[in-house]
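Report on the following structure.
Residue numbers (UniProt numbering), protein chains in the order written: chain A, 1 to 266; chain B, 1 to 266; chain C, 1 to 266; chain D, 1 to 266.
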């Protein structure tokens, strides 16, 4: 499906503030960027670099006063995500070198905690190693963790969420990743857009590496949904914050849209 | 200056033909991509990857029949290119590791030929090592090599051009790079757009690494000109062909435009 | 100084166990590998790859039964580590792109916790931003955290250590990194060898990026000490474990040596 | 087989001369470095970096006077190289992104010359696309190009060798690569050691990417021979010179050895 997705951020900047942003999707597996726009008002100098994972990162200094960023992309996406019930676990010695990284614990995915590996063992009891385990984890989170805004903050980890039993897409994702890694299933976080997400917002989900492929899992959804746009991926939210600010500024509004009709004016 | 630059390629494809393209500029030093569009007709699956130099490369199979590619970008560019007469040579032992690569001879820049180093020595006789040498080379080419379409082909090297004394922007660039490298000045090829180029076309120029900075040199121009958009860079044209085809297809038309007014419809 | 450093690990392997190791130092800033040896008994197939940070990682399957790994390197090291009291903070907008990564919180360095930033603020009250802050943090840890084996484990974070007030070199390092990052000083973990460390063991310390340079800080020491061999570096211990095992095996003995006389037989 | 391979270079240095060297093999596919030594006399500061292909490169300034470099490695190698008659060509659209690079023409492998592609077409007439073509090229070179020292120099390309019909291992390799690439078979140069090479010297051969695997081809040999140690690989000799000097120095002697008995003293 051809999607037009974008967001607009409006700020009051109390003092010139360095910003790092990840708001520009790249063409890649399952998505092709037909067009995109990245605007600021007022216009300021921006530099862009590619991080360790290949994500595009923008650096700028938000000027004191009102500041606005608006990005939009028209993207060809896949209508369906791949699923493969029964796909076997890729055992550690067969994992590609660059995938091993996603087995390690990270800031928000402390897969080394005993409480995580114990819960994972309970969830996948009797389930065949591989895809079905990751899916069991996804389904368990969807059933057992309540979705509610305002119940977590930027320091909340997957272990916290397991204890709190409540969170948002970021927390669902961190928990899913933590549980997968504790079973030696490589897992990573994706942030981006999802068509028909309700309520509309920037979204997060996870991918698990099984039988040679990165499969998509979204614990906030009750069934597999395609039409996703990846903006960035990494080990967890520490790697893929859409915005990191280094000074005093306030985001007043953030609007996000994903439309199936690309005729929206760019 | 805010430029709208683009190109449209029209093909007759005799049989399904794999293509590799480099037609998507990236934000980077001196340029910020405000918006861009990359369209094909008919639409076909495309993948994109980043090459060794960080350039974006698109891969697709051109389908049999009529095929059209159209790309356009609105880009904030610098009105002036930096110049620094008198800037000293960075001696080899002080070059950054990743710059050494651009001292080596390459397909179209055989800087190891004696004829190249001899000519370079003549051109820079009495000139201070560094920026002034690169500028002397640029000026010498501009004066001594005649610009004429159809006088060279895809196998022509900088050494050929030194002998022929005629060529196009690609040949001017290869010769400039060859001469610089023979003096231990790292040099690389850039392909992209230049505002007010006459006649308008995709363009090529070179950069030389001097005193810690990559400076722009364009041997086709009589004076320094800014408002350039880099699409790709590499050792020479082998690295940065805007299109590489692996099969039978014919390009019927190629239109290129660079406008200073970004209100052109995307 | 020319150091001969090495270690020997002896295992009882209950079942064939995949291992990832980081036991091969590379030549780099401040160290030159004159010779090295990497032996296993029994000999098994090994592959080696370079991780995201450039560290060399070895992968193998430890065979059931007795297994032994022995590595040794003769390395030219610097007798002194650089120090620069008064060196100013590099402000965020001036940090190189690839250094920004080391400002982010990580598994064992939760620099985003309020308790960390509050403690950091107290420690550096009245201290000039930059080198002196990092040194104040190092000295504070050396004074206020007790060094004791067996008081922490593989899940212990810098925040835990701040609370516990006790730990080993790994914990001292994680706390130092956490505190530095909370002040927008990029910091990373180094594991390796230190001459005359008492008791001798594999060691860990941190580096902070100040005024364009990565400076060495070791909170376990009372004064600056050189003659270090870096084996690996990364965001924290999750990135630079010298050994990660994926199955049942027991390390029986681990011997580590660092000698100033390279005449030790290799 | 466990090989001990090394070389010793002796120089008269007329003036302090920057050197770039590639004399340290890395563990990788088919080879495991058990131990290695890298010595200089007199000892000078050296830095090491990894180039675009992952090769280790050493930089130093050779001091005026007598200078000596001696490197040696004990390496576990494969006794046999893989062969796969009948393996089909990997068509361009199925090549991995990072392999495409090795289809492009390069300094010493002008695969874009018509004389090259015409000769390639003659050599492989009637041969099935893929492994058998690369092997036909290798055999043709072995039969039709005469091996003789002193018949080529550092500017000689594969096209020159096709014309001259004489050369050394480097020239055989460049010609093989040129011919393969002209048939859309990715090919790259390897430099290293070969056990029982006669006369003993640093050696060069090529690899061709066929059916998903890089196969080894050595046009200087009449039959497949294993027990090779790769020191570096790249597009051609411009990428993988074991030594590049930037100033006046003379190599007096170069000794190379490859022994099957690792008991040689390191």
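Note that the Cβ used here is the ideal one computed from N, Cα and C, for glycine as well.
Decide if residue 190 (chain A) is buried, meaning its Cβ has at least 16 other Cβ atoms within 10 Å, or exposed.
buried
Could you tell me which chain B residues have their CB closer than 9 Å to the CB of residue 155 (chain D), listed as they occur along the chain?
105, 110, 112, 113 and 114
Here's a check: name, in chain order, each residue in its chain whose Cβ is nearer than 6 Å to the Cβ of residue 201 (chain C), leaving out the five neighbours to either side.
256
Using a C-beta cutoff of 8 Å, does residue 207 (chain A) count as contacting chain B?
no
Cross-strand partners of residue 67 (chain C) (DSSP beta bridge)
C:11
My output table needs one value for residue 99 (chain D): the three-state DSSP class, helix, strand or coil.
helix
Within-8 Å CB hit, residue 38 (chain A) to chain B:
For residue 38 (chain A), a Cβ of chain B is located within less than 8 Å of the residue's own Cβ.
Quick check on DSSP: helix, strand or coil for residue 227 (chain B)?
coil
Range of the contiguous beta strand (DSSP E) that encloses residue 195 (chain C)
No beta strand (DSSP E) holds residue 195 (chain C); DSSP gives it neither H nor E.
Please decide whether residue 75 (chain D) counts as near chain C, where near means a Cβ-Cβ distance under 8 Å.
no
For the alpha helix (DSSP H) that contains residue 172 (chain B), what are its first and last residues?
169–182
Give a yes or no on whether 8 Å exceeds the smallest Cβ distance from residue 216 (chain A) to chain B.
Proximity of residue 216 (chain A) to chain B, defined by a Cβ-Cβ separation below 8 Å, is not satisfied.
Alpha carbon to alpha carbon, how far is residue 168 (chain A) from residue 265 (chain B)? Give it in angstroms, no decimals.
The pLDDT assigned to residue 265 (chain B) is 41, lower than 50, so where the model puts this residue is not dependable; a value taken from the coordinates is nonetheless given after this. Residue 265 (chain B) and residue 168 (chain A) have their C-alpha atoms some 40 Å from each other.
Does chain A have any CB closer than 8 Å to the CB of residue 184 (chain B)?
Residue 184 (chain B) does not count as touching chain A.
Sorted by chain position, which residues of the same chain lie with C-beta nearer than 8 Å to residue 50 (chain A)'s C-beta, five sequence neighbours on each side aside?
56 and 57
Less than 8 Å separating the beta-carbons of residue 134 (chain D) and residue 241 (chain D)?
Taking 8 Å as the cut-off, the beta carbon of residue 134 (chain D) is found no closer than this to the beta carbon of residue 241 (chain D).
Cβ of residue 164 (chain C) within 8 Å of Cβ of residue 84 (chain C)?
In this structure, the beta-carbon distance from residue 164 (chain C) to residue 84 (chain C) does not fall below 8 Å.
Determine, using beta carbons only, whether residue 174 (chain D) comes closer than 8 Å to chain B.
no
Starting from the C-beta of residue 17 (chain B), find all residues in its chain whose C-beta is less than 6 Å away, skip the five residues before and the five after it, and write them out in chain order.
In its chain, beyond the 5 residues on either side, 62, 245, 247 and 249 have a beta carbon closer than 6 Å to the beta carbon of residue 17 (chain B).
Apply the 10 Å Cβ neighbour rule to residue 119 (chain A) and answer buried if 16 or more other Cβ atoms are within range, or exposed otherwise.
buried
C-alpha gap between residue 6 (chain C) and residue 253 (chain C), whole angstroms
14 Å
Selection of the region 124–146 of chain B by Cβ proximity to chain A, strictly under 9 Å:
Going along the region 124–146 of chain B in chain order, one finds no residue with a Cβ nearer than 9 Å to chain A.
Taking the straight line between their C-alpha atoms, what separation do you get for residue 121 (chain B) and residue 183 (chain B)?
8 Å
Taking DSSP's pairing of strands, which residues face residue 146 (chain B) in a bridge?
Bridge partners of residue 146 (chain B): B:166.
Apart from the five residues just before and just after residue 113 (chain A), which ones in its own chain have a Cβ nearer than 6 Å to its Cβ?
Excluding five sequence positions before and after residue 113 (chain A), the CB atoms of its chain that fall closer than 6 Å to its own CB belong to 159, given in chain order.
Note down the Cα distance separating residue 136 (chain B) from residue 107 (chain B), rounded to an integer number of angstroms.
24 Å
Can at least three beta-carbon pairs, one atom from the region 215–230 of chain A and one from the region 190–199 of chain A, be found at a separation below 8 Å?
These segments touch.
If we call anything under 8 Å between Cβ atoms a contact, is residue 72 (chain C) one with residue 173 (chain C)?
no
Mind listing which residues of the region 21–32 of chain D have their C-beta closer than 9 Å to chain C's C-betas, in chain order?
24, 26, 27, 28, 29 and 32
Please classify residue 42 (chain A) as buried or exposed, where buried requires at least 16 neighbouring CB atoms within 10 angstroms.
Burial state of residue 42 (chain A) is exposed, judged by a 10 Å Cβ sphere holding fewer than 16 other Cβ atoms.
Tell me, to the nearest whole angstrom, how far the beta carbon of residue 9 (chain B) is from that of residue 69 (chain B); I am working on the premise that it is less than 8 Å.
Correct: roughly 5 Å between the Cβ atoms.
Between the C-alpha atoms of residue 141 (chain D) and residue 86 (chain D), what's the straight-line distance to the nearest angstrom?
Cα atoms of residue 141 (chain D) and residue 86 (chain D): separation of roughly 20 Å, rounded to the nearest angstrom.
Tell me which residues share the same chain as residue 39 (chain C) and place their Cβ nearer than 6 Å to its Cβ, disregarding the 5 neighbours each side in the sequence.
Same-chain partners within the cutoff: 70.
Do we get a CB-CB distance below 8 Å when we pair residue 266 (chain C) with the residues of chain D?
Residue confidence for residue 266 (chain C) is low, a pLDDT of 41 falling below 50, so the modelled location carries little weight and cannot support an answer.
When you compare the CB of residue 196 (chain B) with every CB in chain A, is at least one pair closer than 8 Å?
no
Which residue wins for smallest C-alpha separation from residue 219 (chain A), given the options A:171, A:181 and A:251?
A:171
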